[in-house]
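K.L.:
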Amino acid sequence: MNLGTVLSGANNSFSVLSEDGSIHYCALKGKKLKGAEGFYNPLAAGDLVEWEPASAGTGMILSLRPRKSLFWRYNEKGKAVQAIAANMDLVVCVTSAGLPPFRPRFIDRVSLEPASEGIPLIIALNKSDLGVDDDIAERMDDYRRIGFETMELSAGTGVGVEALRKRVAGLTSVFVGQSGVGKSSILNAIESGLGLRVGEVCEKYERGRHTTVAAILSTLSDGVTRVIDTPGFRRLAVRGIDPATLGACFPEIRAASAGCALGSRCKHLDEPGCAVAAALETGEVHEDRYESYARILAELEDTRGYAKKAGRPRRRHEDDYEDA
Ligand SMILES: Nc1nc2c(ncn2[C@@H]2O[C@H](COP(=O)(O)OP(=O)(O)OP(=O)(O)O)[C@@H](O)[C@H]2O)c(=O)[nH]1
Ligand SMILES: [Mg+2]
Ligand SMILES: [Zn+2]
């Protein structure tokens, strides 16, 4: 029996890197993959699988090894959890200083998954060559103040690239973020040989063109560092968090909530003696972060049935949750 790492794949064709360094194109053996039940898609980049060789260069995937960590998205069309990247040590949330515009609400949503998986998150501000305005600088300062690791980068000029290369060395990192922020460009800057496809941003709508279409794991030339490039997405639905524990996923809200008169029953909306409301006044909780919290809370409460009736959340209209 062979062990291998899924590099990329879709439908029923996956490229699998085996322990001897060879790559095989593999299909699933049987209709359902053991270990991947209940997901929209059976395998993510970074998954560890057991496989057996078939004819030259091909193979069959037998089962999925338990995932150490997972970055997933709720697939709104398929109404199920879509696995994007697995077994990573670090999540890099890429944002941009312009084109497309800086989107802190999006960062807030991304930050929830690494927090619940116990994995570090880096907030990387790319395209700093376009100029970092005061509003963006203020928000990045606030992320640092509340304990996030941040980096300022430019894949274009190379600023910050060496620092990022050092930070990801020896680890498996997944790069996520909206389309067009420069995820693939950053990875190409870290190592030119990766040759990942890069696409223009549509100037009129200030949106990326979804150039990367599937997550792909690459190994850097040191032989141990692994990076996973992922397709950009416009919005990230939040599911699978108990609304009562959402506040704990925002470090500064968690800190402030220790003083709420209602204790753990306080939702920090308009309850009497809410210490989060007081912290909003002093700036200890940033009003934009609070706004993210309130919107995500509404979304979780509205789709509460999701956890019980797997894959069938009750929804209002999608645009009610637009966070971009
Ligand atoms: N000015 C500037 N442009 C950049 C920088 N990094 C990337 N770009 C440009 O931004 C555009 C989008 O870059 P991509 O690397 O394709 O973005 P992506 O995040 O991988 O996008 P998707 O694959 O669609 O999710 C390209 O035209 C890049 O040349 C940067 O640091 N500065
Ligand atoms: Mg890309
Ligand atoms: Zn409260």
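Numbering (this note's numbering), first residue to last: -13 to 310.
Quick reminder that beta carbons are idealized off the backbone N, C-alpha and C, glycines included.
#1: Could you check whether the Cβ of R59 sits closer than 8 Å to any heavy atom belonging to ligand 2?
#2: Determine which residues share a DSSP beta bridge with V77 and list them.
#3: Grab me the residues of N(-3)'s own chain with a C-beta within less than 7 Å of its C-beta, minus the 5 sequence neighbours each way, in chain order.
#4: Comparing the CB of D215 with every heavy atom of ligand 1, is any distance shorter than 8 Å?
#5: Just to check my reading of the structure: S82 and G168 have Cβ atoms closer than 8 Å, yes? What is that Cβ distance to the nearest angstrom?
#6: Going by DSSP, name the residue or residues bridged to F57.
#7: Which of the three DSSP states, helix, strand or coil, is assigned to C235?
#8: Can you determine whether any heavy atom of ligand 3 sits closer than 8 Å to the C-beta of S170, and answer yes or no?
#9: Excluding sequence positions up to five away, which residues of its chain have a Cβ less than 8 Å from the Cβ of G84?
#10: Across which residues does DSSP place E36 in a beta bridge pair?
#11: Closer than 6 Å by C-beta to E238: which residues in its own chain qualify, once you throw out the five before and the five after it? Chain order, please.
#12: Is A141 near ligand 1, judged by its Cβ being under 8 Å from some heavy atom?
#13: Please state whether DSSP places S41 in a helix, a strand or coil.
#14: Starting from the C-beta of T205, find all residues in its chain whose C-beta is less than 6 Å away, skip the five residues before and the five after it, and write them out in chain order.
#15: So for V2, helix, strand or coil by DSSP?
#16: Could you spell out where the beta strand (DSSP E) holding T205 opens and where it closes?
#17: Measuring CB to CB, does R183 end up less than 9 Å from T198?
P.N.:
Let's see:
#1: Within the sequence shown, the letter at position 73 stands for residue 59. Because no heavy atom of ligand 2 lies under 8 Å away, the Cβ of R59 does not count as near it: no.
#2: Here residue 77 is taken as the residue at index 91 of the sequence shown, counted from 1. Answer is L107 and V160, bridged to V77.
#3: If you number the sequence shown from 1, residue -3 lands on position 11. The answer is none, since no qualifying residue turns up.
#4: Within the sequence shown, the letter at position 229 stands for residue 215. D215 has its Cβ nearer than 8 Å to a heavy atom of ligand 1.
#5: For the purposes of this step, residue 82 is taken as the residue at position 96 of the sequence shown. For the purposes of this step, residue 168 is taken as the residue at position 182 of the sequence shown. Between S82 and G168 a beta carbon distance of about 6 Å is seen, short of the 8 Å cut, so the two are scored as contacting.
#6: On the sequence shown, residue 57 is found 71 positions in, with the first residue counted as 1. F57 is bridged to A71.
#7: Indexing the sequence shown from 1 puts residue 235 at position 249. In the structure shown, C235 sits in a helix (DSSP, three-state: H, G or I).
#8: In the sequence shown, the residue the question calls residue 170 occupies position 184. Taking 8 Å as the cut-off, the C-beta of S170 does not count as close to any heavy atom of ligand 3.
#9: Here residue 84 refers to the residue found at position 98 when the sequence shown is read from its first residue. The residues are K113, L116 and G117.
#10: Locating residue 36 in the sequence shown gives position 50, where the first residue counts as 1. For E36, which the question treats as bridged, DSSP gives the partners L(-11) and S49.
#11: The residue you call residue 238 lines up with position 252 of the sequence shown. Cβ neighbours of E238 beyond the five flanking positions: I132 and V271.
#12: Locating residue 141 in the sequence shown gives position 155, where the first residue counts as 1. It does: the Cβ of A141 is within 8 Å (strictly closer) of some heavy atom of ligand 1.
#13: Indexing the sequence shown from 1 puts residue 41 at position 55. In the structure shown, S41 adopts coil according to DSSP, grouped into three states.
#14: On the sequence shown, residue 205 is found 219 positions in, with the first residue counted as 1. Within the same chain, and ignoring the five residues on either side of T205 in sequence, the residues whose Cβ sits closer than 6 Å to its Cβ are R212.
#15: The sequence position of residue 2 within the sequence shown is 16, counting from 1. Residue state, collapsed to three classes: strand.
#16: One-based indexing of the sequence shown puts residue 205 at position 219. DSSP places T205 inside the beta strand (DSSP E), whose first and last residues are I202 to T205.
#17: Locating residue 183 in the sequence shown gives position 197, where the first residue counts as 1. Locating residue 198 in the sequence shown gives position 212, where the first residue counts as 1. Their beta carbons are under 9 Å apart, which means R183 touches T198 by this criterion.
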